[in-house]
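Reading through the structure tokens given below for one structure.
Residue numbers (this note's numbering), protein chains in the order written: chain A, 69 to 199; chain B, 3 to 392.
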């Protein structure tokens, strides 16, 4: 069994465009960007929709539920960790980690829920754990 | 307008070193340039087009143009990582077709091994102004190997691809590398050895990964009237394609690569199909890279690549689809962590009949070279070229 362990996480660097996303993460909320012109949601967040190029985009709060699209347990690291793409219940897939679990028992399409992990001097990172 | 028949590869050279402790980066670029020009029967002063990517020291092409004393009237420093040089061959042909140059030199060099770089297992930030994706990726620890591994994991989940099938790709490469005196790894390996090698990032084992080597290579692409005057076998470019595949705003699909589009473009331009190819050079950063690209280029249906690569089918002489007969990145060489240029070199050797006799494909008159640069699981640039012996 490879129990996931806490590891030191580098801080993400917010920009003016993404500050609200990181401010929300600090409050335990996961935001997604939605285009009000074409209705598509996207990730990572942008002010101009990558699908229709409209600038009419807004933040919505995600449910925090999703499934593992794919994952890989990085064994050659000081603390092994699970890299993953999670498909959010709302649709977009995001790069993340799967944490607080037995890393040897992960599976594609497994249900997960969001948790937030502190970083080294920056806003926390949304990660996922088996639901 | 097409590049079909508008340009020829007249000169190639691969640096024999795999550990360049006592050679500078610029020096390797110049040595491979000299080697390829000598191979073509041309001189430095014939060069009027220069192509390089981010492995060249300095801003774009400028420092190397100065170092080598070139006087190009056309330059291009397109960078799609390891596939850049496939794009450079195509862009050189475009420039030649437009009359912008007649003798185009492409160089690649790098020293990751001498520099002790942890190429595949440590997350790397580019530094400077962050890319827009960086805050949403880098803190999670994406490395070269775990992002390719996620493609393999999903491929296995959706299509039932097995570790043993992936291992066959390495086994085939090792069968070829035993004849390459310059290859870093020359021992023939078995499927069992691959799947029992240490797990690096699930499901990729150590022997699913390419080598880390120093060295480089160069290609000289020339106009038809120049090729006609040279004494080398004539290798003609008949089709090319390129594509950049991304996460598509959150609609990422890890089961295919940009080869689906760069390949289709190249085959359409060349007017040939995958089954016409006598030899293929396929970028082999990892075993999964080869399998996915072969599917995407049309050599197997999506999801059936495992069956295509298994049971020695990629081994020259016995298999139906001989690939990477120099041992490729998996066994021979992956200079600068960029394997696209060496893919073109072995395709040219095969078309000239200059591959090692033990791996030379008989009557090799049509070949394909394909590369993926960047990260298969994050965003990558694909380049395909189709070459014909005239």
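Built from N, CA and C at the ideal position, the CB exists for glycine as well.
Cβ neighbour criterion (16 or more within 10 Å) applied to residue 126(B): The sequence position of residue 126(B) within the second chain is 124, counting from 1. Answer is exposed; the Cβ neighbour count stays below 16.
Helix, strand or coil at residue 141(B) according to DSSP, with G and I counted as helix: Locating residue 141(B) in the second chain gives position 139, counting from the first residue. Residue 141(B) falls in the helix class under three-state DSSP.
Where residue 76(A) falls: helix, strand or coil (DSSP): By one-based count along the first chain, residue 76(A) stands at place 8. If DSSP states are grouped into helix, strand and coil, residue 76(A) belongs with coil.
Three-state class that DSSP yields for residue 103(A) in the structure shown: Taking the first residue of the first chain as position 1, residue 103(A) is located at position 35. If DSSP states are grouped into helix, strand and coil, residue 103(A) belongs with the strands.
For residue 140(A), the residue or residues it bridges with in DSSP: One-based indexing of the first chain puts residue 140(A) at position 72. Within the DSSP bridge table, the entry for residue 140(A) names 151(A) as partners.
Residue 264(B) vs residue 244(B) beta-carbon contact at 7 angstroms: Residue numbering aside, residue 264(B) sits at position 262 when the second chain is read from its first letter. Residue numbering aside, residue 244(B) sits at position 242 when the second chain is read from its first letter. Their beta carbons are under 7 angstroms apart, which means residue 264(B) touches residue 244(B) by this criterion.
Burial state of residue 118(B), where buried means 16 or more other Cβ atoms lie within 10 Å: Position 116 of the second chain holds residue 118(B). When all chains shown are included, residue 118(B) counts as exposed.
Supposed contact pair residue 163(A) and residue 297(B) - C-beta distance, whole angstroms, cut 8 angstroms: Within the second chain, numbered from 1, the residue matching residue 297(B) stands at position 295. Within the first chain, numbered from 1, the residue matching residue 163(A) stands at position 95. The pair is not a contact, with the Cβ atoms about 24 angstroms apart (cut-off 8 angstroms).
Residue 12(B) - containing beta strand (DSSP E), residue span: The count along the second chain starts at 1 and reaches residue 12(B) at position 10. Its beta strand (DSSP E) spans residues 10–16.
Segments of 3+ residues assigned as beta strand (DSSP E) that fall wholly inside the stretch 116–179 of chain B: Counting only runs of 3 or more, we get nothing.
Where residue 219(B) sits in the DSSP three-state scheme: In the second chain, residue 219(B) corresponds to position 217, counting from 1. The answer is strand: DSSP assigns residue 219(B) an E or B state.
Buried versus exposed, by CB contacts within 10 Å (16 or more), residue 359(B): In the second chain, residue 359(B) corresponds to position 357, counting from 1. Around the beta carbon of residue 359(B), fewer than 16 other beta carbons lie within 10 angstroms, which makes this residue exposed.
Three-state class that DSSP yields for residue 156(A) in the structure shown: As a working note, residue 156(A) is residue 88 in the first chain. Reduced to three states, the DSSP call for residue 156(A) is strand.
Burial state of residue 75(B) (16 or more Cβ within 10 Å): Within the second chain, residue 75(B) is the residue found at index 73, counting from 1. Label assigned to residue 75(B): exposed.
Neighbouring residues, chain A, relative to residue 145(B) (Cβ below 9 angstroms): Stepping through the second chain from its first residue, residue 145(B) is reached at position 143. When 9 angstroms is used as the limit between beta carbons, residue 145(B) is near these residues of chain A: 142, 144, 145, 151, in chain order.
Within 7 angstroms, strictly: CB atoms of residue 153(A) and residue 138(A): Counting from one through the first chain, the residue named residue 153(A) turns up at place 85. Counting from one through the first chain, the residue named residue 138(A) turns up at place 70. Taking 7 angstroms as the Cβ cut-off, residue 153(A) and residue 138(A) qualify as a contacting pair.
Local Cβ density within 10 Å of residue 147(A), reported as buried at 16 or more and exposed below that: To locate residue 147(A), count along the first chain from 1; it is residue 79. Exposed, since its Cβ has fewer than 16 Cβ neighbours within 10 Å.
For residue 131(B) and residue 15(B), the rounded distance between their alpha carbons: As a first step, residue 15(B) must be located in the second chain, where it is residue number 13. As a first step, residue 131(B) must be located in the second chain, where it is residue number 129. Approximately 36 angstroms, taken between the alpha carbons.
Short CB-CB distance (under 7 angstroms) between residue 11(A) and chain B: Since the first residue shown for chain A is 69 and the last is 199, residue 11(A) is missing from the structure and cannot be characterised.
The stretch 56–73 of chain B / the stretch 364–371 of chain B touching (three or more Cβ pairs under 8 angstroms): The stretch 56–73 of chain B vs the stretch 364–371 of chain B: no contact.
Straight-line gap, residue 123(A) to residue 85(A) (C-alpha atoms, nearest Å): Within the first chain, numbered from 1, the residue matching residue 123(A) stands at position 55. Within the first chain, numbered from 1, the residue matching residue 85(A) stands at position 17. Residue 123(A) and residue 85(A) have their C-alpha atoms roughly 12 angstroms apart.
Identity of the residue in 158(B), 310(B), 235(B) nearest residue 351(B) by Cα: In the second chain, the residue the question calls residue 351(B) occupies position 349. Closest option to residue 351(B), Cα to Cα, is 235(B).
When 201(B), 90(B), 85(B) are compared against residue 144(A), the one with the closest alpha-carbon: On the first chain, position 76 is the one that residue 144(A) refers to. From the listed residues 201(B), 90(B), 85(B), the smallest Cα separation to residue 144(A) is found for 201(B).
Sequence-distant residues of its chain with Cβ nearer than 6 angstroms to residue 176(B) (five each side left out): Taking the first residue of the second chain as position 1, residue 176(B) is located at position 174. The answer, listed in chain order, is 190, 191, 333.
Residue 191(A) at chain B interface by Cβ criterion, 7 angstroms: Your numbering for residue 191(A) matches position 123 in the first chain. Taking Cβ atoms only, chain B never reaches closer than 7 angstroms to residue 191(A), which makes this a no.
Sequence-distant residues of the same chain with beta carbon closer than 6 angstroms to residue 339(B), five excluded per side: Stepping through the second chain from its first residue, residue 339(B) is reached at position 337. Taking residue 339(B) as the centre and dropping the five residues before and after it, the same chain places the C-beta of 114, 121 closer than 6 angstroms to its C-beta, in chain order.
Cβ pair count under 8 angstroms reaching 3, the stretch 45–63 of chain B against the stretch 77–86 of chain B: By the Cβ test, the stretch 45–63 of chain B is in contact with the stretch 77–86 of chain B, since at least three Cβ pairs between them sit closer than 8 angstroms.
Minimum Cβ-Cβ distance from residue 148(B) to chain A less than 7 angstroms: For the purposes of this step, residue 148(B) is taken as residue 146 along the second chain, with counting starting at 1. For residue 148(B), the closest Cβ of chain A is nearer than 7 angstroms.
Alpha carbon of residue 262(B) to alpha carbon of residue 345(B), nearest angstrom: Start at 1 with the first residue of the second chain, and residue 262(B) comes out as number 260. Start at 1 with the first residue of the second chain, and residue 345(B) comes out as number 343. Between the alpha carbons of residue 262(B) and residue 345(B) lies a gap of roughly 18 angstroms.
Classification of residue 353(B) by the beta-carbon crowding that lies within 10 angstroms, buried from 16 upward: On the second chain, position 351 is the one that residue 353(B) refers to. Residue environment analysis places residue 353(B) among the buried positions, since at least 16 neighbouring C-beta atoms fall within 10 angstroms of its C-beta.
Residue-chain proximity (residue 256(B), chain A), Cβ-Cβ < 7 angstroms: Your numbering for residue 256(B) matches position 254 in the second chain. Closer than 7 angstroms to some Cβ of chain A, the Cβ of residue 256(B) qualifies, so yes.
Under 9 angstroms (Cβ pairs) to chain A, residues found in the stretch 186–203 of chain B: From the stretch 186–203 of chain B, only 200, 201, 202, 203 have a Cβ closer than 9 angstroms to chain A.
Residue 345(B), enclosing alpha helix (DSSP H) - first and last residue: In the second chain, counting from the first residue as 1, residue 345(B) sits at position 343. DSSP places residue 345(B) inside the alpha helix (DSSP H), whose first and last residues are 342–354.
Between the CA atoms of residue 284(B) and residue 295(B) - distance to the nearest angstrom: Here residue 295(B) corresponds to residue number 293 of the second chain, with the count starting at 1. Here residue 284(B) corresponds to residue number 282 of the second chain, with the count starting at 1. Cα to Cα, residue 295(B) sits roughly 7 angstroms from residue 284(B).
Supposed contact pair residue 169(B) and residue 204(B) - C-beta distance, whole angstroms, cut 8 angstroms: For the purposes of this step, residue 204(B) is taken as residue 202 along the second chain, with counting starting at 1. For the purposes of this step, residue 169(B) is taken as residue 167 along the second chain, with counting starting at 1. With a Cβ gap of about 15 angstroms, residue 204(B) and residue 169(B) do not count as contacting.
C-alpha distance - residue 188(B) paired with residue 317(B), whole-angstrom precision: Residue 188(B) sits at position 186 when you count from the first residue of the second chain. Residue 317(B) sits at position 315 when you count from the first residue of the second chain. As the crow flies, the alpha-carbon of residue 188(B) is around 15 angstroms from that of residue 317(B).
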